[in-house]
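**Student:** I'd like to ask some things about the structure below.
Number of protein chains: 2
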Amino acid sequence: MKFSELTPEQLDQAANMLKAIAHPVRISILNCLEDGKKLTVSEIHSTLKIEQATASHHLGILKDKGVLNSKRDGKNTFYFLKHENLTSILDCVSKCSCS
Amino acid sequence: MKFSELTPEQLDQAANMLKAIAHPVRISILNCLEDGKKLTVSEIHSTLKIEQATASHHLGILKDKGVLNSKRDGKNTFYFLKHENLTSILDCVSKCSCS
DNA sequence: TATTAATATACAAATATATAAATATTATGC
DNA sequence: GCATAATATTTATATATTTGTATATTAATA
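Residue numbers (the working numbering), protein chains in the order written: chain A, 4 to 102; chain E, 4 to 102.
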């Protein structure tokens with residue numbers, strides 16, 4: 004799939020997905036969710052030492068833009084990567100930003 | 004290199020790099036520069052049918068954030084990818100946003 | 001040197017995003 | 001139903017980004 008074959012809508016969706024990822028807190032969240040891990044809002048909030056509302060907010064953005072999925076289980080909501088291979092983006096950028 | 008091993012500064016740089024890419028016009032620009040191609044501002048501006056100033060502006064952002072490099076040759080400035088493997092980000096996102 | 005081509009920058013208006021604090025919703029267990 | 005825990009949403013303020021238009025810079029050439 005070449006980008007030149009994408010419709011403007013798909014191009015926008017790709018940009019929105021990347022925009023969602025392109026934030027220090029949200030990169031850190033994705034880092035927590037590597038290897039198929041499913042974590043609750045509380046776990047993210049305590050692990051990253053950020054406000055509960057902030058964690059929920061960023062998780063909501065990532066879900067809204069198609070990066071994450073979530074599954075409610077009682078009082079908890081577990082978040083996880085929608086596409087496992089998205090972490091390869093992180094690998095690539097971390098390589099590029101360290102050289 | 005795991006992200007958890009990145010310093011806050013490197014995390015910010017990675018986020019800035021992704022933010023630079025995360026825009027429909029700039030994704031289209033990167034798409035033009037695949038396979039090591041080097042293009043001038045004029046070529047980008049006519050290929051993508053955007054204003055000259057807009058092309059220059061977006062190219063400047065991509066260069067400033069470490070995504071592109073440029074080389075002046077007389078009246079022309081040629082832009083090209085700084086890290087060839089950055090296009091793998093596009094491949095990944097295009098796959099994810101089409102499924 | 002004057003003209004033209006190619007690129008880059010400055011500015012302003014509209015839009016979008018980030019952050020924190022407060023409040024609301026959803027679900028459990030007594 | 002009431003209290004509590006876990007999430008989610010709202011609101012307001014500050015900041016950043018995008019876009020177009022105009023202008024400035026840089027380089028070649030007549």
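For glycine and all other residues, C-beta sits at the position ideal for the given N, C-alpha and C.
For I53/A and chain E, any beta-carbon pair shorter than 7 Å?
**Tutor:** Cβ-Cβ to chain E under 7 Å: no for I53/A.
**Student:** Answer with buried or exposed for Q55/A, where buried requires no fewer than 16 other C-beta atoms within 10 angstroms of its C-beta.
**Tutor:** By the 10 Å Cβ count, Q55/A comes out exposed.
**Student:** Could you compute how far the alpha carbon of L62/A sits from the alpha carbon of K78/E?
**Tutor:** Rounded to whole angstroms, L62/A to K78/E spans 47 Å at the Cα level.
**Student:** What first and last residue would you give for the alpha helix (DSSP H) that runs through S31/A?
**Tutor:** Its alpha helix (DSSP H) spans residues P27 to C35.
**Student:** Does any residue of chain A have a CB that is nearer than 7 Å to the CB of D15/E?
**Tutor:** Yes, its Cβ sits closer than 7 Å to a Cβ of chain A.
**Student:** Between S73/E and T57/E, what straight-line distance do the alpha-carbon atoms span, to the nearest angstrom?
**Tutor:** For S73/E and T57/E, the distance between alpha carbons rounds to 17 Å.
**Student:** What distance in whole Å lies between the Cβ atoms of H86/E and C35/A, which are believed to be in contact at a cut-off of 8 Å?
**Tutor:** Not a contact, Cβ separation roughly 25 Å.
**Student:** Using the DSSP secondary-structure output, state which residues sit across from T43/E in a beta bridge.
**Tutor:** Per DSSP, F81/E.
**Student:** Please list the partners that L9/E has in chain A, where partner means a Cβ-to-Cβ separation under 7 Å.
**Tutor:** Ordered by position in chain A, the residues that pass the 7 Å Cβ test against L9/E are S97.
**Student:** Do F81/A and T50/A have their C-beta atoms within less than 7 Å of each other?
**Tutor:** Not in contact: F81/A and T50/A (Cβ atoms no closer than 7 Å).
**Student:** Kindly say whether L42/E, judged by its beta-carbon, lies nearer than 7 Å to any beta-carbon of chain A.
**Tutor:** Output row for L42/E: interface = no.
**Student:** Quick one: using the 10 Å Cβ neighbour count with 16 as the cut-off for buried, is K68/E buried or exposed?
**Tutor:** By the 10 Å Cβ count, K68/E comes out buried.
**Student:** Helix, strand or coil for S73/A, going by three-state DSSP, please let me know.
**Tutor:** In the structure shown, S73/A sits in a strand (DSSP, three-state: E or B).
**Student:** With burial defined as no fewer than 16 other Cβ atoms inside 10 Å of the residue's Cβ, what is the status of R29/A: buried or exposed?
**Tutor:** The residue in question, R29/A, is buried, as its Cβ has 16 or more Cβ neighbours within 10 Å.
**Student:** Could you tell me whether any Cβ in chain E is nearer than 7 Å to the Cβ of A18/A?
**Tutor:** Yes, A18/A lies at the interface with chain E (some Cβ there is under 7 Å from its Cβ).
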